[in-house]
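Residue numbers (my numbering), protein chains in the order written: chain C, 105 to 265; chain X, 105 to 265. Heads up, the beta-carbon is just placed ideally off N, CA and C, and yes, glycines get one too.
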DNA sequence: TATTGTTATACTCTATAACTATA
DNA sequence: TATAGTTATAGAGTATAACAATA
């Protein structure tokens, strides 16, 4: 269903060849969702370069900023990340003075994560850029369609299967 | 916006923590599209294991089967793959006797790709499994909603921007 | 005994540069 | 000079196993 990436960084012409039959793939939501996600993420990467936040960094910092004293474990569950893979992200955010890590008072295993003032300022700016980018990358659909689309996508992956 | 993967292979409980605020991320189509795509691809990988076709292999073989005598270059444009990354895929498909590669008569640089009988039989089965998987992974939405969703996703990434 | 966080590491995916050969 | 395919390789993303510290 999906596909991999191509020279997304060089905004090359996405040719959309009309002469090739891809109807079989295009009947799959998985294929279309992956293509749409990659299209939008291209724009995200291009327009959030100044923040030096990659999509996952952005997600993690955003969650921390909006959920003070959260633990890494809870973030992993919420964002569907594997624990070993969040370690480097948190280390990097801490080195950049965007978050603080203090051992939880109630449970010495847990580390309480919060955004610093710098972190809050950066994520505020990044969220604005991300919102702009998301709109721009999806400008071919209307506001109503955006709302519809988000609702349908949530319904798909939030299914309690 | 997106997120990475977690123990998708072990069908662990996707917890969907209700106590954590992710409204900022959830307002982005990019985030939701990536989460939905990963959810569906998990099911794809689990249920197409017997075909030994990963999502990209599946896409490439499907395109070849439905477009006889296609060139690698055209596939790359259609599926948004980088040329160096399709080489190994084609090599693997050829070794499995699923496709043939013959130098094009009109242009000696191009290699004409076609599916063998074995390849056609396999992709037929794989497309059935993929369709089933895609339906199962999106069973939380109705048939009408599926049609809507596919239309909206196509509109997003096929935008001639 | 289970949980949180971590290290080390392997594997896969994606990207860039540079080359051959054809046109 | 441009195009199709390739090689080699680097970099990013994702995965598993195993461990320490704490509960």
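In this structure, residue 162 (chain C) sits away from residue 134 (chain X), with a CB-CB distance that is not shorter than 8 Å. Looking at X:206, X:224, X:183 and X:225, the one whose alpha-carbon comes closest to that of residue 216 (chain X) is X:206. The C-beta of residue 253 (chain C) comes closer than 8 Å to at least one C-beta of chain X. By the Cβ neighbour-count rule, residue 199 (chain C) is exposed, with fewer than 16 other Cβ atoms within 10 Å of its own. The criterion of a C-beta distance shorter than 8 Å is not satisfied by residue 220 (chain X) and residue 239 (chain X). The Cβ-Cβ distance between residue 138 (chain X) and residue 141 (chain C) falls below 8 Å. Taking 8 Å as the threshold, the shortest C-beta distance from residue 151 (chain C) to chain X does not fall below it.
DSSP, read as helix, strand or coil, puts residue 245 (chain C) in coil.
Rounded to the nearest angstrom, the Cβ distance from residue 152 (chain C) to residue 197 (chain C) is 15 Å, too far for a contact under 8 Å.
Chain order gives no chain X residues near residue 214 (chain C), where near means a beta carbon separation below 8 Å; the closest approach is about 14 Å.
In this chain, the alpha helix (DSSP H) harbouring residue 139 (chain C) covers 133 to 151.
Excluding its 5 nearest sequence neighbours in each direction, residue 257 (chain C) has C-beta neighbours in its own chain below 8 Å: 137, listed in chain order.
According to the DSSP assignment, residue 190 (chain C) belongs to the alpha helix (DSSP H) that extends over 187 to 199. Identification of chain C residues near residue 258 (chain X) by a Cβ-Cβ cut-off of 9 Å yields 130, 136, 139 and 140, ordered along the chain. Contact between residue 229 (chain X) and residue 169 (chain X) does not hold, since the beta-carbon distance rounds to 12 Å and is not under 8 Å. Counted as a single uninterrupted DSSP element, the alpha helix (DSSP H) harbouring residue 169 (chain C) occupies residues 159 to 170. Excluding its 5 nearest sequence neighbours in each direction, residue 156 (chain C) has no C-beta neighbour in its own chain below 6 Å. Closer than 8 Å at the C-beta level to chain X, one finds these residues of the segment 159 to 173 of chain C: 159, 160, 162, 163, 166, 167, 170 and 171.
The C-alpha of residue 179 (chain C) lies about 8 Å from the C-alpha of residue 185 (chain C). Here residue 124 (chain C) is near residue 167 (chain X), since their CB atoms are less than 8 Å apart. Under a 10 Å Cβ-count criterion, residue 248 (chain X) is classified as exposed, with fewer than 16 other Cβ atoms of the shown protein chains found around its own Cβ. In the DSSP assignment, residue 203 (chain C) falls within the unbroken beta strand (DSSP E) covering 203 to 207.
DSSP places residue 124 (chain C) in the coil class of the three-state scheme, outside both helix and strand.
The contact set of residue 238 (chain C) on chain X, defined by CB atoms closer than 9 Å, consists of 105, 131, 132, 133, 134 and 135 in chain order. Bridge partners of residue 216 (chain X) according to DSSP: X:206. Rounded to the nearest whole angstrom, the CA to CA distance from residue 208 (chain X) to residue 214 (chain X) is 5 Å.
Of all alpha-carbon atoms in X:227, X:173, X:194 and X:150, the one lying nearest the alpha-carbon of residue 129 (chain C) is that of X:227.
In this structure, residue 218 (chain X) lies near residue 173 (chain X), with their beta-carbon atoms less than 8 Å apart. A straight-line Cα-Cα distance of about 24 Å links residue 187 (chain X) and residue 132 (chain C).
Taking 8 Å as the CB threshold, residue 234 (chain C) lines the interface with chain X. Proximity to residue 245 (chain X) across C:245, C:263, C:232 and C:236 peaks at C:263, based on C-alpha coordinates. Taking the C-beta atoms as reference points, residue 126 (chain X) is found nearer than 8 Å to residue 182 (chain C).
With a cutoff of 8 Å on beta-carbon distance, residue 252 (chain C) and residue 252 (chain X) are scored as near each other.
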